[in-house]
Structures are given as C-alpha cells and as structure tokens.
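Chemist: First the structure, which I've put down as structure tokens, then a few questions once you've had a look.
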Amino acid sequence: MLSYLKKSKWLLLSILPSIAFAYEQKDLSFAGFASQGISYTSANQFFDEEDKVSLNMTILALQANYLLNDKIRFSGQAMYRNWGKIESARIDFLMADYQFVNQQYFNIGFRLGRIKSDLGVFNSTRDIPSARPSIFLPQSVYQDTLRDTTTSYDGISLYGNQVFNIGRLNWTLAYGRYPVSDDLSESILGKELAGEIDTESNAQINATWESASGNWAISLGYENPQAYTEPLFDLGDPIAMEAGDIMFDRYIFSHQYFSEFWDFTFEFIYQDTEIKGFDLFIPSLPAFMPQPDLPEITTNSLVNAGFYGQWRYFLKEDLILMLRYGKYFTDIDDKDGSDYYQNTGMPAFSRYSFDLTAGIKWKLSSKWQMNFEGHFFEGTAAISPTIKLDHSRNNEKYWQLWSLQVSYSF
Amino acid sequence: MKNRGVGCKDVNLKNNNPSLIIFLISFLMPLSSYAVEIIVNDSVDLSEVSHQQIKSIYLGQQTHWPSGNLIKLFKLPATHKTHNLFVKNTLGLYPYQFNRRWQKLVFSGFALKPSEVSNEQELLDVIAKTPGAIGYIENKIIMEGIRYVVLFKEK
Chain P
2 MLSYLKKSKW LLLSILPSIA FAYEQKDLSF AGFASQGISY TSANQFFDEE
52 DKVSLNMTIL ALQANYLLND KIRFSGQAMY RNWGKIESAR IDFLMADYQF
102 VNQQYFNIGF RLGRIKSDLG VFNSTRDIPS ARPSIFLPQS VYQDTLRDTT
152 TSYDGISLYG NQVFNIGRLN WTLAYGRYPV SDDLSESILG KELAGEIDTE
202 SNAQINATWE SASGNWAISL GYENPQAYTE PLFDLGDPIA MEAGDIMFDR
252 YIFSHQYFSE FWDFTFEFIY QDTEIKGFDL FIPSLPAFMP QPDLPEITTN
302 SLVNAGFYGQ WRYFLKEDLI LMLRYGKYFT DIDDKDGSDY YQNTGMPAFS
352 RYSFDLTAGI KWKLSSKWQM NFEGHFFEGT AAISPTIKLD HSRNNEKYWQ
402 LWSLQVSYSF
Chain B
36 MKNRGVGCKD VNLKNNNPSL IIFLISFLMP LSSYAVEIIV NDSVDLSEVS
86 HQQIKSIYLG QQTHWPSGNL IKLFKLPATH KTHNLFVKNT LGLYPYQFNR
136 RWQKLVFSGF ALKPSEVSNE QELLDVIAKT PGAIGYIENK IIMEGIRYVV
186 LFKEK
C-alpha cells in the first residue's frame, strides 16, 4: 500500500504544475510549500524509532483552486509527509465550496468533499510551516499520536459568519468520517499489534467570537470521532488483544490576544475517551481452558486533559521569539500516574507530559522561513502508542527535543 | 470600535484582574480616522461599506457580492506602504494577523488567495477591467471603470 502511495505521490505532485502550464487561465491557481527539518531527541522514541538524530522531516504540498463558475469553487491539496515514524502521501483536502447567502453582515456556505478540520487554532494548518507557531505543535492539545482523527474528514460542512456591532461570530457545523490509515492503528496499538482500523462518522461544531477591534478571539469546538481496530497476533505470542473501539468526546477551548509586538494564545482540551474491547488473552491456550485474569484496558470514561499558554514576541516583523508551557494528563483523576503505577507497575511518568518550549522563527523573505526550537519534556504521555507504550524503550522521565526546519512556500 | 472612556478603565484596574485589563486595553486601541480609498469595478453595486463589512470581505469570509457575483480580491505586496495602512487603519488588524489569517485560509482551502499586483497603477488598471473586483489605493484618481466606496464606522 505504502509503496503504491510512494509511487503515486510523485504523480500527484507532478501532475498539478503541468496542468497549470497547460491552462494559462485565471480560473485556476496554485499554491504550495516544501519543508525539510532535522531533529535531535535526547532519549525515548517520540519521533524516530532508530536514531536520536533524524532527517525524517520532509513535507511537500501542492494545492490547486479552480473556479467552476461564479458560484462554485473547487479546492484540493496533495501532501507528502515523512515525519519521524510515519511516511504518507495523501489527499489533504479536496472539496467544493459554495457560499449561498451573501449579505453584508451575514454569510452562509457549505463545503462538500474532504474538508480540513478546523477545531482549535492550529488544527487546520498543523502541517503548514508558515501558519504554525513552531515545528512541533503543543503536544498537550495537538497530539501527533491521534492526528488521523483530527486532520481532515470526508463529509459536509455548513459554515457562516455574522457581524455584530461588538464583534463577529464565525461558526461551522460538520458531519463526516475521518479517513484513517494504518498509522493511527500503529500510533494507538504499537507496531507489533497494529492491524485493521476503521472510523465512524462524527459530528463537529465550532464557534469563534472575535472582538470588533480584532484584538482578541475566543472559540469553542466539539467533535466525537471514533475508531474500531483489530489488533494482529500470532498463535505463538505470549499475549494478544481482541478487537476494540475507541470513542472520543473532544472539546477544545481557545483564547487569543493580539498586540502590536506580541501575541498570546491559550488552549485547553478536554477529551473523554471510552475504550471498549481490547481484552487481553493468551493465543496459544486451547479453547477449553479458561483464560487467566488479565488486566483490563476497557474504560467507560478516561478523561484526558491538556492545556498550554504560548507567548510570541515580534523582535522585528520577520523575527519571532516564542515561549510556551503546556501540560497533558492521560487520566485527569490520576494526574501524577501513581494509581496507574500501583495497578500496572508501569512508570507513573508515562501518564503525563509537561513541555516547556522555546523557539525562534525567522522569515528570510516572503517565501523562505527558518525555525529553530527546543522542547524540555517531563513525562512520556506525548509518545505513541497510546495503549501499548513500550516502556522499556521510553524509560526516561526527563528528555529533550531539538529541531531545525527550513521551508519554502509559494 | 469606539474608544471607551478612561474613567471606566480606572474602576476596573482595582479588581487587579489581568484578563479584564487586557480586555479593556483591546477597547482602548485607537483607530485612526485616516484610511486609504476603497475602489471597486463599476459593475459592483456598492457605494458605502463599514469597517466590519470590509473586514468580512478582506478576511475571505464574504466571498460573493449580495448580487451573487464572485468578489475578486486584489491586494498590494506586504511591503507596500498603502497595504500596511489598509490593514492597520481600514481592517484594524496588525499586518502579522492579516498574514497569518491568509496563510491559514489558503492552506486549509477555506478561501481563494487575493491576487497580488505590484503597484497602485496596475491595481487601478486591473480593477477597471475585472468585473467584481475590489482593491484599495492611497489617493483618489478618477478613472473610467472605477467606483469609489465610502467607508463608514459602525454606530
């Protein structure tokens, strides 16, 4: 599958410019970017499994917009992404957009197709160097381990905005299914167990209120994605896992304040996770023999929560400093992981993740940009896989991540 | 929006609540009365527009004129003086906010990127011959095909 994608990515990425060349017309327009980075991880396996230093940080994207007529616009983006453990080529979005109510204070439209998820400030541009504050987004809210369930969905969305004297309201109502890859299964279950994975349709609602002056904005979003996954096992495995469902009720609150020389962003995620199934068993045991009592993973309500505060200072228009602190808890009722340690013997620090980040972004021109940042982590909850983390290889409570990235966009 | 009285600020400072202060500062941001001229192609049936409406248009939120025709957005380069005056005074945004909004809109596919032209003369020429077009210039120049739009503040 991946080899097919690897071949087709060049097809996808090369076909669009040739169309552009063929049609020199105004109804068709293009944009895109390429970025390459290098990262160093002091310990654990957050990013790349093999090496502490990794160059597996390439993203290429090309998008096209086509105006079918005065009313309907088609927009699509193909993306190749080689990011640490995961390599993929995919259609990032491909949709039709039609705004059918156009009043001066009131607009409504809908989108149909594969649509970017617009939950939180940075979700829709989590892969876009020129539109994100850092190379690695705050893991406390934008967990890379679950990115397939937050990136883009196949479905429909209704969106609109309403202008009032005291501000403006932007809203989105969406219904669709996140197309997931085996990567998500790997992120959740680990490489050895990763098997079939599928998702159900989910509803999303999102509203942003922006002050009339444009200096601050708050938003609240909700969605309920769910995934069904069937772990792989061999008869010879000492222990295996049955199929199971993971369901999320995800809420994100965001606040942004903009000043002339600095801006501040605060976001909070509350994610109620229900895990059903995934019963552990010993595959080699004959059917007539009872299975021993094994620990249960099933939970009706495991509340993950995280937040971060991010302050950016504009030294010059093209030189931005960033300082951020965030916390994430796998289980809000067991913040320090002590209950988890008592029940499982696994490290308590695998149930939380604190991240202090300092970074710099330098815009060399309107097209070129460079980022450099350091993350200081306590805890390993930001590391996938979610369910079966290999604790023997992720055994450092304190660890660092350093990263440098250059990107070009047009 | 309008500035709030300074007396109002004094009262709230006593609460020693940083978020309230930030909230108040956001109202105290002065909006200069100076703004650049907004121009449209004379096919566009628009004679006056408010700050909030022009913001809806230039942030890609209103994509079509009330007649249903496509709004064709034009802009000057980010380094152009008139562009920066337009963003700061007419839209009431800092240039970095405007840039980031558009990076987000373009790369999530939510809006079509404004067409960029290199100077004001080119802008006048292209708007005069493009139905549905809107743009901005620093000084009024009477020209066939161009209509000037009066900008007003919300009450």
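Going down the list, the sequences are from chains P and B. According to this note's numbering, the first sequence holds residues 2 to 411 in order. According to this note's numbering, the second sequence holds residues 36 to 190 in order. Glycine included, each C-beta is placed from N, C-alpha and C at the ideal position. Predicted model, so just to flag it, every value in this text is computed and none were measured.
1) So which residues on chain C does residue 99 (chain B) lean against when the C-beta distance must stay under 7 Å?
2) Would you list the one or two residues that DSSP bridges to residue 264 (chain P)?
3) Let me make sure I understand the geometry here. Which of P:109, P:136 and P:322 has the alpha-carbon closest to that of residue 103 (chain B)?
4) Give me the subset of the region 128-150 of chain B whose CB atoms are less than 8 Å from a CB atom of chain P, sorted by chain position.
5) Chain P beta carbons: is any one of them nearer than 8 Å to that of residue 158 (chain B)?
6) Are the CB atoms of residue 398 (chain P) and residue 374 (chain P) nearer to each other than 8 Å?
7) May I have the straight-line CA-CA distance separating residue 114 (chain B) from residue 367 (chain P), to the nearest angstrom?
8) Which residues, in chain order, does the region 161-181 of chain B contribute to contact with chain P at a C-beta distance below 7 Å?
9) Alpha helix (DSSP H) containing residue 93 (chain B): first to last residue?
10) Leaving aside the five residues before and after residue 137 (chain P) along the sequence, list all residues of the same chain whose C-beta is less than 6 Å from its C-beta, in chain order.
11) Looking at C-alpha atoms only, which residue of P:151, P:155 and P:107 is the closest neighbour of residue 127 (chain P)?
12) Hey, is residue 103 (chain B)'s beta-carbon within less than 8 Å of any beta-carbon in chain P?
13) Cα-Cα, which of P:261, P:401, P:156 and P:282 is closest to residue 95 (chain P)?
14) Nearest chain B C-beta to residue 207 (chain P) closer than 8 Å, yes or no?
15) Considering just the uninterrupted stretch of the alpha helix (DSSP H) at residue 29 (chain P), what are its terminal residues?
16) For the candidate residues P:79, P:207, P:83 and P:301, whose alpha-carbon lies nearest to that of residue 124 (chain P)?
17) Spell out whether any CB of chain B is found under 8 Å from the CB atom of residue 411 (chain P).
18) Might you give, ordered along the chain, the residues of its own chain that have their beta carbon closer than 6 Å to the beta carbon of residue 339 (chain P), omitting 5 neighbours on each side?
19) I need the straight-line Cα distance from residue 89 (chain B) to residue 141 (chain B), nearest angstrom please.
20) With H, G and I counted as helix, E and B as strand and the rest as coil, what does DSSP make of residue 101 (chain P)?
21) In the DSSP output, which residue or residues are listed as bridge partners for residue 290 (chain P)?
22) Say whether the region 309-317 of chain P touches the region 259-277 of chain P, bearing in mind that this needs 3 or more beta-carbon pairs closer than 8 Å, one atom from each stretch.
23) Can you give me the start and stop residues for the alpha helix (DSSP H) that residue 135 (chain B) sits inside?
24) Quick one: what does DSSP say residue 155 (chain B) is sitting in, helix, strand or coil?
25) Which same chain residues end up closer than 8 Å to residue 172 (chain B) when comparing Cβ atoms and leaving out the 5 residues on each side of it in sequence?
26) Kindly indicate the opening and closing residues of the alpha helix (DSSP H) around residue 341 (chain P).
27) Which residue wins for smallest C-alpha separation from residue 327 (chain P), given the options P:225, P:258, P:300 and P:139?
28) Got a sec: is the Cβ-Cβ distance from residue 153 (chain B) to anything in chain P below 8 Å?
29) Taking 8 Å as the limit between beta carbons, can you name the residues of its chain near residue 361 (chain P), skipping five residues before and five after?
30) Does the Cβ of residue 240 (chain P) have 16 or more other Cβ atoms within 10 Å, making it buried, or fewer, making it exposed?
31) State the beta-bridge partners of residue 1 (chain P) as determined by DSSP.
Modeler: For this structure:
1) The structure shown contains no chain C; the protein chains it does contain are P and B.
2) P:259 and P:313
3) P:109
4) 128, 129, 130, 131, 132, 135, 138, 139, 141, 142, 143, 144, 145, 147 and 148
5) no
6) no
7) 10 Å
8) none
9) 86-93
10) none
11) P:151
12) yes
13) P:156
14) no
15) Run containing residue 29 (chain P): none in the alpha helix (DSSP H); it sits in the beta strand (DSSP E), 29-42.
16) P:207
17) no
18) 349
19) 19 Å
20) strand
21) Its beta-bridge partners do not exist; DSSP assigns none.
22) yes
23) 130-142
24) helix
25) 71, 72, 74, 117, 155, 158 and 159
26) 339-345
27) P:139
28) no
29) 320, 321, 322, 323, 372, 373 and 374
30) exposed
31) Chain P is shown only over 2 to 411; residue 1 (chain P) falls outside these bounds and no answer can be derived.
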